[in-house]
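In the order they appear, the protein sequences are chains A and B.
Our numbering applies: residue 1 is where the first sequence begins, and numbers increase by one.
Our numbering applies: residue 1 is where the second sequence begins, and numbers increase by one.
Where is the CB? At the ideal position from N, CA and C, for every residue including glycine.
Okay, so here's the structure we're looking at.
Number of protein chains: 2
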Amino acid sequence: MRNMEIDLDPVFYPKSIAVIGASANPMKWGWIIPANIISGGYTGRLYLVNPKYDKITKLKCYPNVRSLPETVDLAVFTVPSRSVPELLEECGEVGVKAAIVIAGGFSEVGNEGKRLEQKVVNIARRYNITLIGPNTMGIYSAPVSLCALMPPVRPIKGEVSMISQSGNIGTNMLAFGRVNNVGFNLFACSGNEAMVRCEDYIEYFGQDPNTKVILAYIEGIRNGRKFMRVVDEVIEKKPIIVLKGGRTRSGAKAARSHTGVLAGEMKIYEAVFKQLGVVIARSTDEMLDLAKAFTRVPLPKGNKVGIITWGGGYGVLISDACEEAGLELAELSEETLEELNRLLPPYWSHGNPIDMVGDMNREAHFKCLEILVRDKNVDAVIALGLITGMDFFEAFRNFDFVPGEFIEVFSSMWKNYDRIALSKIKELIQKYGKPIIAVTLTAEASKVQSVMDEEKVLGYTSLERAATVLAKMYKYYEHLRRKKSVRGDRLGSP
Amino acid sequence: MRNMEIDLDPVFYPKSIAVIGASANPMKWGWIIPANIISGGYTGRLYLVNPKYDKITKLKCYPNVRSLPETVDLAVFTVPSRSVPELLEECGEVGVKAAIVIAGGFSEVGNEGKRLEQKVVNIARRYNITLIGPNTMGIYSAPVSLCALMPPVRPIKGEVSMISQSGNIGTNMLAFGRVNNVGFNLFACSGNEAMVRCEDYIEYFGQDPNTKVILAYIEGIRNGRKFMRVVDEVIEKKPIIVLKGGRTRSGAKAARSHTGVLAGEMKIYEAVFKQLGVVIARSTDEMLDLAKAFTRVPLPKGNKVGIITWGGGYGVLISDACEEAGLELAELSEETLEELNRLLPPYWSHGNPIDMVGDMNREAHFKCLEILVRDKNVDAVIALGLITGMDFFEAFRNFDFVPGEFIEVFSSMWKNYDRIALSKIKELIQKYGKPIIAVTLTAEASKVQSVMDEEKVLGYTSLERAATVLAKMYKYYEHLRRKKSVRGDRLGSP
């Protein structure tokens, strides 16, 4: 790609790969990583390298990188740290373009490790090799179906790209993505960042046309100046969601022994993130919540929320959650109030939140939802209880206090309404360009979550999470608006 | 029960019940509530009352409460609000002891409703009837298997009792309890609290020998003086976990149209709750998290946490979460450090959090856990990644880069370790009297959550939730300690 000091193309688009230190022992990363690459369906050519073997199962094994039938783009090192310099030198000599060094035992373990790491960096620079890691869990690239990862994760392909300074957190995000139907395009664990750093990946993801949302788990930033420049540029095109590890004294201490990074003063990070318009996630769960939000619904163009609820208590709690997150409850327009008066039973709440007070008439819910979404005073809608996942009369099956076939009929009708709700939500988002977030709080919530995710409807099983996500989307919108340089057509489109 | 101004025994231990306004239409609460009572397995005698029917399905229906073969302890009213006074009068005349009024349309809807409610209260007082509601979703009582509830919820029996000023939130907690293996003993939606109020239920639950933990969803407190006296007494015997609705201006406004209560100044509530040692929950999820914690593990006797993790990044995030929640990371004792040096590979983190750095030797995890729990500097343990729910080699099945039967053997060993971990945790809690919280963050977390709940092991799928719960348990412990009047044997037992 253009204007990059560091070339990440051979990392994310390699035509051929060598695993240096391939193993026949399935308890070794030298076995697991090529197994991941193969079973992940890598579209390029893979070579195994280890002088100890002629074959590993059915696959030919080469004694060294010189003996390969071609010059590979990428070498993945699964050898111990002390063997890396010599073998990397050999890669350099034959013209390998990039290397991923999995092993730990470098700068994160003290001075001797630091010297070893510097030696490796020097070799990489001398041969113009792009060096990922060391102390990394690897990378993922959807365009070439490459799972060069330690854990056996098979991400869904999609529009989120991620840089993680923790292998576990990063690869778990890929795995959570699979469960939550959040797809990834490019992914890297940056490890000790001896050469390629967090900010380099963000720059690369910023230029990647298939990346719409960027996630970053960051413990510390090594080149603050570049980070700020890159983020400031990229954030105009796509949201950057950051989870910062090492926010506290204890966390910072743990970070030092983890990747050897200085986590720094959280106050400074917070201030910089805020100034740059970074979307700050407070947990891995929230990071995923935000990734869903930014890929599934348009940005809210204001902070006035319309709420529809099926029970007064939840109306109270969602009002609290919205205000605590920095949102405001929309004042419903006269037209909306009149329409709702015609539609709802007389005891409805006559304001926002619209409380359906346990009304079983679900057709009315859908009408309510549309009236609310189109209200000019409403920027976004949180809809509670629209998708229930419940079989309301299930408890009464097989017991004789039941009139005829009523229950069967009612149950199938009830289930059908859930399906209608899902398509109604998608239709209204399309029609009015406003975000709608569904919240399901029944005991069947986790089942409903799966269905919503499958349909890519933005939904949560927690009021607080819905309100938090919406508030953070609005902040990002406000940042873009303030920056002005943003093109009008970008605002509000997902 | 003793010393109560209000007698709740006929509500929670009725020998016989009449449903006033029973219906043959399954869309009416007059059908659904008796259906719930019958299919819930109520141990007493149930009578249906409605002059419109001779029978509802196979059950006899009586024209009025006078015509019943006995004087019932409890009448459940499923008639519209305007019919309540006359029918309650009739109940009073025949000697019914308690009444639950389901219908809304009372003080929550304005002045006319207020007058109607006052009329109902006056009748109840005149006949010494304990009045629940109006505008309530009903009650649950495990001792007599009574589900006198609007939604078809079938709670698990257990040691948690709850008072809720919201029917939806309350009955959903029962439903969540079922999914999460949290059992309930007594439960009431207090509705408009025309007679029996939040503080009366707490007093009653305080005296109930089968209640170990009390939950309360509160929008507003009507008798602050009694609330403070009752909570101050009860909290010495059992924790009271409160979720306050109407914390913000918007929330308070929603509460007014919900149950007609004044939510009041949150600052005052916070101060009072803090002074009384109330455990404050911030969401329904957290309420459930806390109910699990207080019923499953002993109280921590200090705020020093020992952490075991399987990845450095999570070690950083859990350290942050602990410190942000007000906990401290324990300084490991010399003995512990020596033992761990002997046990772990040389690259372990040499401190707290104990980072296993992806070591696949799970026997070592269990040993680590015990060493950590018994350290005199450690008051509580958070164990990450001890139960993985993963089939690590699943991704490699049915593809030929696999040596022999290795994968089958490894997978079954791996699964077996999860089972060992569960019983090890329970064993160590028993042996050392300290709380252990398991945290699972793999993509299989929701499956693992079910297994942990089934085994009543305290576990979460979020670092932040684990840290929050532990911090709140410690605060409660500190409150008890400060109060001193507490007996030593109570401290530390679940």
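Non-local beta-carbon contacts of A:GLY191 in its own chain, meaning distances under 6 Å to residues more than five positions away in sequence, involve GLY133, PRO134, ASN135, THR136 in chain order. Remark: C-beta atoms of A:LYS119 and A:VAL160 do not approach each other more closely than 9 Å. A direct Cα-Cα distance of roughly 6 Å separates A:GLU117 from A:SER107. Straight across, the Cα-Cα distance linking A:VAL144 with A:VAL153 is about 15 Å. For a Cβ distance threshold of 8 Å, residue set GLY311, GLY313, TYR314, LEU317 of chain A lies close to B:ILE169, ordered along the chain. When C-alpha distances from A:GLN165 are compared across B:GLY113, B:ILE425, B:LEU317, B:ILE436, the shortest belongs to B:LEU317.
A straight line joining the alpha-carbon of B:LEU384 with that of B:VAL439 spans about 5 Å.
Taking CB atoms only, B:GLY105 has a neighbour in chain A less than 9 Å away.
A:ALA98 has its alpha-carbon roughly 15 Å from the corresponding atom of A:ARG66. Take the alpha-carbon of B:PHE273 and the one of B:LEU174: they are about 24 Å apart. The DSSP-derived three-state label of A:PHE77 is strand.
Counting only Cβ-Cβ distances below 9 Å, B:TYR476 has no contacts in chain A at all, with the closest Cβ about 22 Å away. Interface annotation, A:VAL76: not in contact with chain B, CB-CB separation never under 9 Å. A:GLY306 carries a strand assignment under DSSP once its states are collapsed to helix, strand and coil.
Contacts with chain B at 9 Å (Cβ-Cβ) do not include A:GLY21. For A:PHE227, there is no enclosing beta strand (DSSP E); the enclosing alpha helix (DSSP H) has its first and last residue at 224-234.
Inter-residue distance for B:ILE371 and A:GLN430 is about 57 Å (C-alpha atoms, whole angstroms). Not flagged as an interface residue toward chain B: A:VAL451, since no C-beta distance is shorter than 9 Å. Put simply, the CB of B:TYR53 is far from chain A, with every gap to its CB atoms at 9 Å or more. Taken through DSSP and simplified to helix, strand or coil, A:TYR62 comes out as strand. Within chain A, the residues GLY104, GLY105, VAL109 have their CB atoms less than 7 Å from the CB of B:TYR347, given in chain order. The bridge partners DSSP lists for A:THR130 are A:ALA98. For B:VAL409, the enclosing alpha helix (DSSP H) covers residues 406-432. Below the 7 Å Cβ cutoff, chain B contributes ALA443 as neighbours of A:VAL179, in chain order.
When DSSP assignments are scanned along the region 352-388 of chain A, the uninterrupted stretches of beta strand (DSSP E) that are 3 or more residues long and fall wholly within it turn out to be 380-384. Taking a Cβ-Cβ threshold of 8 Å, none of the residues of chain B is close to A:ASN341; the smallest such distance is about 15 Å. Per DSSP, B:GLY206 is one residue of the alpha helix (DSSP H) stretching across 198-207. Under the Cβ distance rule, A:THR284 counts among the residues neighbouring chain B, one pair being separated by less than 9 Å. Interface residue (Cβ-Cβ distance to chain A less than 9 Å): B:VAL153 is classified as such.
Between B:GLU286 and the set B:ILE268, B:PHE12, B:MET413, B:ALA467, the nearest pair of CA atoms involves B:ALA467. For A:GLU159, the enclosing beta strand (DSSP E) covers residues 157-164. For B:LEU344, the nearest beta carbon of chain A is not closer than 9 Å to its own beta carbon.
If the five residues before and after B:PHE227 are omitted, its C-beta is found closer than 6 Å to the C-beta atoms of GLU199, ILE221, all from its own chain and listed in chain order.
For A:ARG45, the three-state secondary structure derived from DSSP is strand. B:LYS60 is the residue among B:GLY44, B:LYS60, B:THR43, B:ARG45 whose C-alpha sits nearest the C-alpha of B:PRO51. Check the Cα spacing between B:ALA254 and each of A:ILE56, A:GLU323, A:LYS367: the tightest is with A:GLU323.
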